[in-house]
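To keep things clear, I will list the structure first and then write my remarks on it.
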Amino acid sequence: MAGVSAKSERKTNPNRHVRRILFPFLVSVLAWIPLEAYGQYHAKGTEWPTYAADLAGTRYRPFDQINASNFNDLEVVWRLKTDMFGNRPEYKLEGTPLMVNGVLYTTAGSRRAAIAVDAATGELLWVHGEREGKRGAAAPRQLSGRGLAYWSDGKVERILYITQGYRLVCLDAKTGVRVPSFGEDGIVDLKLNDDQTIFPDLITGEIGLHSAPIVAGNTVIVGAAFREGFTPSSMRNNKGYVRGFDVRTGKRLWIFHTIPKKGEFGYDTWLNGSAEYTGNTGVWTQITVDEELGLVYLPVESPTGDFYGGHRPGNNLFGESLVCIDLKTGELRWYFQLVHHPLWDMDVSSAPILVDITVNGHPVKAVAQPSKQGFLYVFDRVTGKPVWPIEEKPVETGSVPGEWYSPTQPIPSRPPAYSRNGVSMDELIDFTPELREQAEKIVSRYHIGPVFTPPVASKTEGPLATLTLGTADGGTNWPGGSYDPETHILYAYACNACLEPIGLVPPPKELSDMNYVYGTAGKKPRMINAAGTDSSADAPKPAGKAASADEWNPLTIDGLPLIKPPYGTISAINLDKGEIVWQIPHGETPDLIRNNSALKGVNISRTGQETWNVGTLVTKTLVIAGDGVVTTTAEHPRGAMLRAYDKATGKEVGAVYMPAPESGSPMTYMFNGKQYVVIAVSGGNYSGEYIAFSLPSEE
Amino acid sequence: MRNGSAARLALVVLVITLPLTSRAQSQQSVTASDMRSVWDGVYTDEQARRGQPLYHDACSACHGDSLKGSGETPALAGNTFLSNWNGLPLGDLFERIRRTMPQDKPSRVNRQQKSDILAYLLSCNGFPVGKTELPHQTEFLNEIRFDATKPDPKK
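Quick mapping for you: the protein sequence lines, in order, are chains A and B.
Okay, so the first sequence: first residue is -2 according to this note's numbering, each after it adds one.
Okay, so the second sequence: first residue is 12 according to this note's numbering, each after it adds one.
See the structure below:
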C-alpha cells in the first residue's frame, strides 16, 4: 500500500506553501491506493477516462449488464455526500466522475476539491483542495464545477483540474499531491500568459472556468468562463481565449484568440474596432478532440452583453461559433458561426459530438452540435461543410437604439428542430379554455415570434420584452447529448418550455457603461450574477444595495407554465438520415400539475419537466437519464427517478428512486465484472451527493 | 422466473425502503392532520412588505427581481421551485435559506429578516396572507407544511 504522511509530503514537496494550501485533512485522509492496481496504463473499454466517456464526447459505453430486464433491480451500492469538501454544503453538484483502474476521480463541494474514491465502495482515497483566499472569492464561476481530466503515459498518472480562482492544477493521481515539475510547483496560473492583461488585477480580474479540462495526446486544453452576461457592468471585459499546455511541464504550447487580434482572420467582423475592448466569447463548456485527425472542436459562447450588441457592431467572430483548430498548433482550420451578431444568449453550450455516419451511401466523418435553440448542426468535421444545407434566411431586425442587426441567420434544413425555439399563441397552455385565456392575456404584453426574433426595448405599456424559447436556458445546455456509434443515433435532452423574456433597459451610469442591459421597464436594473457567485468559502460580504419596491411579475399561472407540455424531452436523432426517430417527454409530471384542483378531470399524459440541466447516458441497449425536478407520487415519496429507456423505441423500461434530482450527468463503468452507474444529485433541500447504483450481488 | 428473483426483490424493497424510512420519519410531523398549510394564511401583508426590500438587498442579484432565477441560478417561484419544496415542513426551506443564503455570508441576514424574506417569497408564489406573522424559529416553522397546490377542502 502506498500512503502519504505529513512527513513524506514535506519531503516530496519542500515548498512550504504546499501544506498550507492543501486541505489540512489531506494528510490524514491520505492516499490509500493499492499499488498493484497500477501497471502499464491502457485505456480500457470498461473505464470512463474523460468527462464525456471519450474525447469524441459520446457519453456512450456499450455495456449490457444493466439492461431493460433488470434496471428496476438496481440498488444503491455506495453514496458520497460532498458537504465536507468546503465550509458549507453545496446544492448544485454537477460533476461527472472519471473511472480509471478502479478509482473514481471527480470534483466536489464548495471548495471544488479534487477527490479520488474507490470505484467499488466509494471509500475516500485522497482529497486535494486549494485555499485561494480573495482570488477564489472573486471568481466568476464558483462551487464544485463539472469535473477533471486524467492522463497517463503508462508510467505516471496525472489528474488535472481548474480551481475556482482559474489555476490549472496537476496532481499525482496516486496521492492527490501536486506534481512539482508541472508549472510552478504543480500549478499554472491561467490568468497569466494569456495574450492579454487580465484587468483590473490578478486577484479580482474576471475570468475562470467550471468545466473540466480535456487532455489529448500530451496537450491539456483549457477554455474560460465569465459572469452571467445579462447585465454586464461594462462593454469592456477580459477575453476568453483557449490555450493548450504541455501536460508534463505546464508550458503553454499554443493559444487561439476567440476574438481575433488585429491582422488575424475575423478581426474585421468587429466594426468600429470593437474587437479591441469586447470580451467574454470564451469556451466555458466541454471541448472535443479528434486525436487521429489532430483537430480540436471549440463551442464558443456569446461576446460581452448577452442581449445587447450595440457596442460590438458586426457579425462578431468567433462568438457563438463552432470552431475547429489544430491540436498541435491551435491554428484555425475551419469555423461555422451558428448565430451572427449574437443577441439571444445562444452560447454554444455543450460538447460537440464526433460522429462517423453514412449519408446517401457515403461515409462522413462528421461533428454534431446540439444547441439551446434546438437545432442539431451537423458538419463534415474535416472541412466544416454542412452535411445537410444550412441556409441563410432573412430574420426580423429590431429597433433597439444603437443595435446592429444581422439581416439573416443560418437555419439547418435537417434534422428538424428537436425543441421549441420560438413562441406563438399555439404553444400556450391549453389544459382548459380559462387557462389559455389567462395565458394569452399575459403574453399580449410581450413581443413574440419565431427563432431569432430580436429583443425589444422594454416599455411599461408593452411590449415588456420579447418572450423567447430556445435561448438562455432553452434546448440542450451544458450536459449535452449522447451518441451511439453503432446505430448512428444521437440522443439529446432539451428543455422545451424554458421561457426567457428578453427586455432591454438603459442602466444607470453607476451600474454599467452599456447603452442597454437586460431588464424590465419600470424596474430598477440590477446586476445579475452567476449561480454560485460569492459562494466560495473565501467570499467576503459585498456592499449592500438599496432596497426598492419593485412589482413582482410572474410568467406562470398559479405556478403552471405558460407553455403547454411537453416541458422537457429526450429526442433520438438518426444522423445518417437527419431525422428524429423518436421524441418523448422526460420526467414525471410535476406535482403542481398532477394534483392541481383546477385540472381535476383533465386527462394529462406525462408532461416532462421544465428544467434544462439533464444529461443522458447511452449504453448497449438503454438511454439513461434522471428526473430534474422533485415529485411525490403514489409510487414513490419525495424524490426523483433515474429512468431507462429502450434506446431503439424510447419506451421506458425501468426507473429507480433517487432522493433528489439529477444535477450532474450519469456515467457508467465496469469494475471486477460489475457495471456501475454513478450520478450526482442535489437541489432544493438536498445537498450534493454522488450515488452509485449496481445490480444486487449474485452471492 | 429466474432463480433468486425473490431474494432480489427483497433486496430491492430493502434498498428502496431504507433511505425512505429516514425521510419518512423526519416527515412524520408533516402528515399530522392538525398541521397548518401555507394555504392557511401563515404570514401577514406587512411582513411580506418588510421582506421585499430585504429580498432585493440579499437575493435578487442572483435570483432576479421576478424570482425567476437567471442563467444557472434557480427560480424561487413557479413549477420547479414549488415542486422542490412540496410536502416539506416550511422549516426545511427556512433552514436552507438560513444556512446557505445569501451565499457570500449567510450570517449577514438574521433569522427575523429571513423569516420576512420567506413571507415575501410566499406572497410572490400566491399563498394567501393571514393575521399572524411567520415565526423565525425553525421548530415552529416545521409545524407549517409547504403545499404546492391548494388542499382539497372536501378531503
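Ideal Cβ placement from N, Cα and C applies to all residues, glycine included.
Since the structure is predicted, the reported quantities are computational estimates derived from the model, not experimental observations.
So, helix, strand or coil for residue i, using DSSP?
| i | result |
| --- | --- |
| W50 of chain B | helix |
| L268 of chain A | helix |
| A43 of chain B | In this prediction, A43 of chain B has a pLDDT of 48, which is less than 50 and means its spatial position is unreliable; nothing more can be read from the coordinates. |
| T604 of chain A | coil |
| Y683 of chain A | strand |
| K161 of chain B | coil |
| G541 of chain A | With a pLDDT of 30 at G541 of chain A, under the threshold of 50, the modelled position of this residue cannot be trusted; read the value that follows with caution. If DSSP states are grouped into helix, strand and coil, G541 of chain A belongs with coil. |
| W96 of chain B | helix |
| P11 of chain A | Bear in mind that the predicted position of P11 of chain A carries a pLDDT of just 35, short of 50, making it unreliable; the figure below should be weighed with that in mind. Residue state, collapsed to three classes: coil. |
| E154 of chain A | strand |
| N277 of chain A | strand |
| P409 of chain A | strand |
| C492 of chain A | strand |
| R156 of chain B | strand |
| E83 of chain B | coil |
| T216 of chain A | strand |
| T326 of chain A | coil |
| F253 of chain A | strand |
| Q37 of chain A | Low local confidence applies: a pLDDT of 33 at Q37 of chain A is under 50, so the model's placement there is unreliable, and no value is given. |
| V23 of chain B | Reliability fails at V23 of chain B, whose pLDDT of 41 lies under 50, so the model's placement of it is uncertain and the value that follows must be treated cautiously. If DSSP states are grouped into helix, strand and coil, V23 of chain B belongs with the helices. |
| P197 of chain A | coil |
| P296 of chain A | strand |
| D115 of chain B | coil |
| T285 of chain A | strand |
| S230 of chain A | coil |
| T91 of chain B | helix |
| L559 of chain A | coil |
Under 9 Å Cβ-Cβ, which residues of chain B neighbour residue i?
| i | result |
| --- | --- |
| N763 of chain A | The structure shown does not extend to residue 763 of chain A, since chain A is modelled only from -2 to 696, so the question has no answer here. |
| E607 of chain A | G89, N90, T91 |
| K506 of chain A | None at all; the shortest Cβ gap to chain B is about 19 Å. |
| T628 of chain A | S94, N97 |
Show which residues of chain B have a CB atom less than 7 Å away from the CB atom of residue i.
| i | result |
| --- | --- |
| G680 of chain A | N95 |
| L589 of chain A | N90, L93, S94, A159, T160 |
At 8 Å on the CB atoms, spell out the chain A contacts of residue i, in chain order.
| i | result |
| --- | --- |
| R107 of chain B | Y88, G681, N682 |
| T149 of chain B | Result: empty, since nearest Cβ-Cβ is about 13 Å, beyond 8 Å. |
Looking at the secondary structure, which residues open and close the beta strand (DSSP E) in which residue i lies?
| i | result |
| --- | --- |
| G62 of chain B | Here G62 of chain B belongs to no beta strand (DSSP E); instead the alpha helix (DSSP H) covers 56 to 69. |
| K362 of chain A | 359 to 366 |
| A49 of chain A | Careful: A49 of chain A lies outside any beta strand (DSSP E) and carries neither H nor E. |
| R143 of chain A | Element bounds for R143 of chain A: n/a, residue is neither H nor E. |
| L101 of chain A | 100 to 105 |
| R640 of chain A | 637 to 643 |
| T665 of chain A | 664 to 668 |
| K390 of chain A | 387 to 391 |
Closer than 9 Å by beta-carbon distance: list the chain A residues that pair up with residue i, in chain order.
| i | result |
| --- | --- |
| L99 of chain B | R635, G681, N682 |
| T143 of chain B | In chain order: nothing, as chain A lies at least about 23 Å away. |
Name the chain B residues whose beta carbon is nearer than 8 Å to that of residue i?
| i | result |
| --- | --- |
| T79 of chain A | Ordered by position in chain B, no residue passes the 8 Å Cβ test against T79 of chain A, which lies about 14 Å from the chain. |
| D555 of chain A | G137 |
| P558 of chain A | G89, N90 |
| P563 of chain A | By Cβ distance, chain B contributes nothing, its closest Cβ being about 13 Å from P563 of chain A, past 8 Å. |
For the alpha helix (DSSP H) that residue i lies in, which residues bound it at each end?
| i | result |
| --- | --- |
| G130 of chain A | 130 to 134 |
| L133 of chain B | 122 to 135 |
| E150 of chain B | 149 to 152 |
| L698 of chain A | No information on residue 698 of chain A is available, as it lies outside the stretch -2 to 696 that chain A covers here. |
| L101 of chain B | 101 to 111 |
| D588 of chain A | 588 to 591 |
Kindly identify the DSSP beta-bridge partner or partners of residue i.
| i | result |
| --- | --- |
| I487 of chain A | At residue 487 of chain A the sequence reads Leu, which differs from the Ile that was named. BP columns for L487 of chain A point to A:Y480, A:I570. |
| H125 of chain A | A:A111 |
| C167 of chain A | A:L157 |
| D243 of chain A | A:T216 |
| D342 of chain A | D342 of chain A is not bridged to any residue. |
| W75 of chain A | A:A689 |
| Q580 of chain A | A:S568 |
| S149 of chain A | A:E154 |
Using a cut-off of 7 Å between C-beta atoms, extract the partners of residue i located in chain A.
| i | result |
| --- | --- |
| D56 of chain B | Under the 7 Å cutoff, chain A gives no residues; its nearest Cβ is about 14 Å from D56 of chain B. |
| D127 of chain B | Ordered by position in chain A, no residue passes the 7 Å Cβ test against D127 of chain B, which lies about 12 Å from the chain. |
| D103 of chain B | N682 |
Item to check | Every unbroken alpha helix (DSSP H) within the stretch 414 to 468 of chain A, with a cutoff of 4 residues, ordered by chain | outcome: Runs found: 430 to 440.
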